[in-house]
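Enquirer: Before I ask anything, let me first share the structure, which is written out below as structure tokens.
Residue numbers (this note's numbering): 279 to 866.
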């Protein structure tokens, strides 16, 4: 899979509006000469002049009234502006008029011509992803055997203003590499034709790349540079030689990741929500002068709107991302209830939510997901519906499974209103009618769904239960506390008693195992490699027997400080440990 995120350089200012409105009124130059003066190539200028001469402007070709088309043309012909009281004027020959309602329309229509041309060229080169789906079927469709009612949908790009995301998928790494080369060739050709400039700077235009199948590692490592980063080489006529490959990218207000993790997006949501909550935490949410209803409205409009923005689109709601959302949510709810954690009260988050009638985070996201599904059924975006209807074997898409779980829960919690509806998987049509044709009633019905339980907190409560005699116990030699696993015991010893594993005293910063000489690139990976139960017992036994010299104490402290910093940075990104950038290489 390859996803290319594009950002145009000064997209609104560099738009050649003649692609839409034709030549300006009162133009004294030859059409080809005038278009060439705007920066268009000779061939493009001649073709556009021929198009305007024989068929008129694009507005006229689309059936716009000639008088309206002429009016739009006159608004942009020889347009100028003056800054302050300067005697000279500035003529704007390109781009949309700032503040004009037609400016965005002109840019969108010109950009659409470039994207349609790009799609046509990719179709001719055979690199488009084509999916079969049922346009009028449910989102959770999984009956792929009925081919007669299916239609084909091309999946290639998603665009919001000038933010573009292009998707490529192939059955093998070699085919994916060929498709990437075709994409860049067609992309630069089409965008250059319409005088659209791509900003290739890191953070503006980047890509996500994931190889699957045979020789995936070989193809991935072929794109790795000396600094350990993955890069994609751009064609020679691009203004930069390489494109950055990233694991996560912020696109249209949210983060997407190659591995499907929502850690980066959850961290972004938490930061935005806390930035809105912290300045008014005491003056509004902790003040006795505000009614609870007003505090609830402030929380919904200022904090929760940022915290849960587009989280309904997550395909996996568990683990660390859910914990981060629940942490901010619980802090706000406790502040409203006047029972902050540091105040000494013993109430749990569940008890506070029940007392104040605040649903759990999972309940709020279930509501938003069900309302969003109703909107999808009404608007029927073909590309998104086609993706959601796909299956892997007999498994539906993860987001579709979440939606079905929410529908079953709503069905069970409202037997008096939904009890007559059949199973949504076996007979989806009645559900589609309710969700699509009665959006107001569906939204009111969804708003009645309320529960306070949290699956993550319930799992945490189970792990804190007293140990049963039949379970294996690992006791701390200092305080005698018992744990179910060795990992939990080691964590307790490190945090409570500052007793750390001695393996680290024999591993330096080279990233090479001192026993088997495997290159693992980082000290933390070497320590984990030696301590692993399978495959590396020889390394552990060799160190325990004293065959490897111990490092100096000051050097150990210095290396521990570096590892602590890298762990902290990984935790801030939402990972449990630092991620590996390079594969291990065995010594030969």
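A virtual CB, placed ideally from N, CA and C, is assigned to each residue, including glycine. Computed from a predicted model, the values in this text were never measured in an experiment.
Please report the straight-line C-alpha distance between residue 449 and residue 597, rounded to a whole angstrom.
Expert: As a position in the chain shown, residue 449 is number 171, starting the count at 1. As a position in the chain shown, residue 597 is number 319, starting the count at 1. Using only the alpha carbons, I get a separation of about 31 Å.
Enquirer: Pick from 648, 784, 517: whose alpha carbon is nearest that of residue 830?
Expert: Translated into the one-based positions of the chain shown, residue 830 becomes position 552. Comparing Cα-Cα distances from residue 830 to each of 648, 784, 517, the minimum goes to 784.
Enquirer: Where are the alpha helix (DSSP H) runs, 4 residues long or more, that stay fully inside the stretch 400-479, in chain order?
Expert: Whole alpha helix (DSSP H) segments, 4+ residues: 451-471.
Enquirer: Following the continuous beta strand (DSSP E) through residue 556, name the residue where it begins and the one where it ends.
Expert: Taking the first residue of the chain shown as position 1, residue 556 is located at position 278. Segment: none, residue 556 is in no beta strand (DSSP E) and carries neither H nor E.
Enquirer: Taking the Cβ atom as the reference point for each residue, do residue 294 and residue 350 lie within a distance shorter than 7 Å?
Expert: Residue numbering aside, residue 294 sits at position 16 when the chain shown is read from its first letter. Residue numbering aside, residue 350 sits at position 72 when the chain shown is read from its first letter. No.
Enquirer: Apart from the five residues on each side of it in sequence, which residues of its chain come closer than 6 Å, Cβ to Cβ, to residue 859?
Expert: As a first step, residue 859 is located in the chain shown; it is residue number 581 there, counting from the start. Correct list, in chain order: 506.
Enquirer: Ordered along the chain, which non-local residues of its own chain (more than five positions away) have a Cβ less than 6 Å from that of residue 799?
Expert: Along the chain shown, read from residue 1 onward, the residue named residue 799 stands at position 521. Hits under 6 Å: 789, 860.
Enquirer: DSSP has residue 486 in a bridge; who is on the other side?
Expert: Here residue 486 refers to the residue found at position 208 when the chain shown is read from its first residue. 281, per the DSSP bridge assignment.
Enquirer: Please identify the residue among 659, 688, 591 whose C-alpha is closest to the C-alpha of residue 431.
Expert: Here the question's residue 431 lines up with position 153 in the chain shown. Per the Cα distances, 659.
Enquirer: Could you pull out every residue in the same chain whose Cβ sits closer than 7 Å to the Cβ of residue 428, ignoring the five residues on either side in sequence?
Expert: Locating residue 428 in the chain shown gives position 150, where the first residue counts as 1. Same-chain partners within the cutoff: 410, 411, 412.
Enquirer: Taking all protein chains shown into account, decide if residue 741 is buried (16 or more other Cβ within 10 angstroms of its Cβ) or exposed.
Expert: For the purposes of this step, residue 741 is identified with residue 463 of the chain shown, where counting begins at 1. Confidence at residue 741 is low in this model, with a pLDDT of 44, below 50, so its placement is unreliable and the value that follows should be read with caution. Residue 741 should be labelled exposed.
Enquirer: List the residues that DSSP assigns as beta-bridge partners of residue 508.
Expert: The residue you call residue 508 lines up with position 230 of the chain shown. Bridge partners of residue 508: 502.
Enquirer: With 16 other CB atoms within 10 Å as the buried threshold, where does residue 328 fall?
Expert: Looking up residue 328 in the chain shown gives position 50. Under this definition residue 328 is an exposed residue.
Enquirer: Hey, is the stretch 438-447 in contact with the stretch 688-706, meaning 3+ C-beta pairs nearer than 8 Å?
Expert: Short answer: they don't touch.
Enquirer: Quick one: is residue 469 buried, meaning 16 or more other Cβ sit within 10 Å of its Cβ, or exposed?
Expert: To locate residue 469, count along the chain shown from 1; it is residue 191. Buried, by the Cβ-count rule.
Enquirer: Give me whichever residues DSSP pairs with residue 760 in a beta bridge.
Expert: Here the question's residue 760 lines up with position 482 in the chain shown. In the DSSP output, where bridge partners are listed per residue, residue 760 has 753.
Enquirer: Whether or not the stretch 673-688 and the stretch 618-638 are in contact is what I'm after, with contact meaning three or more pairs of Cβ atoms, one per stretch, closer than 8 Å; do they touch?
Expert: Contact between the stretch 618-638 and the stretch 673-688 is absent, because fewer than three Cβ pairs lie under 8 Å.
Enquirer: Are there three or more Cβ pairs, one per stretch, closer than 8 Å when the stretch 598-612 is compared with the stretch 569-589?
Expert: Contact holds: three or more Cβ-Cβ distances are below 8 Å.
Enquirer: So, under 8 Å CB-CB, residue 356 and residue 302 are touching, yes? Tell me the CB distance rounded to an integer number of Å.
Expert: Position 78 of the chain shown, counting from 1, holds the residue named residue 356. Position 24 of the chain shown, counting from 1, holds the residue named residue 302. Sure, about 6 Å apart at Cβ, within 8 Å.
Enquirer: Do you know whose CA, among 575, 545, 417, 773, lies nearest residue 589's CA?
Expert: Residue mapping note: residue 589 aligns to position 311 of the chain shown, counting from 1. Of the listed residues, the one whose Cα sits closest to residue 589 is 545.
Enquirer: For residue 821, does the count of other Cβ atoms within 10 angstroms reach 16, so buried, or fall short, so exposed?
Expert: Stepping through the chain shown from its first residue, residue 821 is reached at position 543. With 16 or more other Cβ atoms within 10 Å, it is buried.
Enquirer: Measure the C-alpha to C-alpha separation of residue 864 and residue 519 and round it to an integer number of angstroms.
Expert: Locating residue 864 in the chain shown gives position 586, where the first residue counts as 1. Locating residue 519 in the chain shown gives position 241, where the first residue counts as 1. Their backbone Cα atoms lie some 32 Å apart in a straight line.
Enquirer: Would you identify the three-state DSSP class for residue 342, choosing helix, strand or coil?
Expert: Numbered from its first residue, the chain shown carries residue 342 at position 64. Three-state result, residue 342: coil.
Enquirer: So if DSSP puts residue 368 in a beta bridge, which residue, or which two residues, is it bridged to?
Expert: Position 90 of the chain shown holds residue 368. DSSP lists 359 as partners of residue 368.
Enquirer: Using alpha carbons as the reference points, say which of 721, 404, 481 lies closest to residue 457.
Expert: For the purposes of this step, residue 457 is taken as residue 179 along the chain shown, with counting starting at 1. The option with the nearest alpha carbon to residue 457 is 404.
Enquirer: What did DSSP end up calling residue 533 once you bin it into helix, strand or coil?
Expert: Sequence index remark: in the chain shown, residue 533 carries index 255 (1-based). In the structure shown, residue 533 sits in a strand (DSSP, three-state: E or B).
Enquirer: Report the three-state DSSP secondary structure of residue 748 (helix, strand or coil).
Expert: One-based indexing of the chain shown puts residue 748 at position 470. Only weak support exists for where residue 748 lies, its pLDDT of 48 falling under 50; the coordinates are left without a value.
Enquirer: I need the boundaries of the alpha helix (DSSP H) containing residue 292, first residue and last residue.
Expert: Within the chain shown, residue 292 is the residue found at index 14, counting from 1. Where residue 292 is concerned, the enclosing alpha helix (DSSP H) stretches over 289-292.
Enquirer: Please determine if the stretch 749-764 and the stretch 698-714 are in contact, where contact requires at least 3 C-beta pairs separated by less than 8 Å.
Expert: No contact exists between the stretch 749-764 and the stretch 698-714.
Enquirer: Could you check whether the stretch 476-488 touches the stretch 523-537, counting it as contact only if at least three pairs of C-beta atoms, one from each stretch, sit closer than 8 Å?
Expert: With a cut-off of 8 Å, the stretch 523-537 and the stretch 476-488 count as touching, because enough Cβ pairs lie within range.
Enquirer: Please state the DSSP three-state secondary structure of residue 847.
Expert: Walking along the chain shown from the start, residue 847 turns up at place 569. DSSP places residue 847 in helix when its eight states are reduced to three.
Enquirer: Hey, residue 651 and residue 681 are a contact pair by Cβ (cut 8 Å); roughly how many whole angstroms apart?
Expert: Within the chain shown, residue 651 is the residue found at index 373, counting from 1. Within the chain shown, residue 681 is the residue found at index 403, counting from 1. Residue 651 to residue 681, Cβ: 6 Å. Contact.
Enquirer: Any idea if residue 599 is buried or exposed, counting beta-carbon neighbours within 10 angstroms, 16 or more meaning buried?
Expert: What you label residue 599 is simply residue 321 of the chain shown in a count that begins at 1. Answer is buried; the Cβ neighbour count reaches 16.
Enquirer: Nearest by alpha-carbon distance to residue 251: which of 725, 573, 379, 665 is it?
Expert: Within the shown structure, residues of the chain are numbered from 279 to 866, placing residue 251 beyond reach of any answer.
Enquirer: Just the Cα atoms here: how many angstroms apart are residue 737 and residue 601?
Expert: Within the chain shown, the letter at position 459 stands for residue 737. Within the chain shown, the letter at position 323 stands for residue 601. In this predicted model, residue 737 has a pLDDT of only 47, less than 50, meaning its place in the structure is not dependable enough to derive any value.
Enquirer: Taking residue 779 and residue 809 to be in contact with their CB atoms under 8 Å, please state how far apart those CB atoms are, rounded to whole angstroms.
Expert: Residue mapping note: residue 779 aligns to position 501 of the chain shown, counting from 1. Residue mapping note: residue 809 aligns to position 531 of the chain shown, counting from 1. The pair is a contact, with the Cβ atoms about 7 Å apart (cut-off 8 Å).
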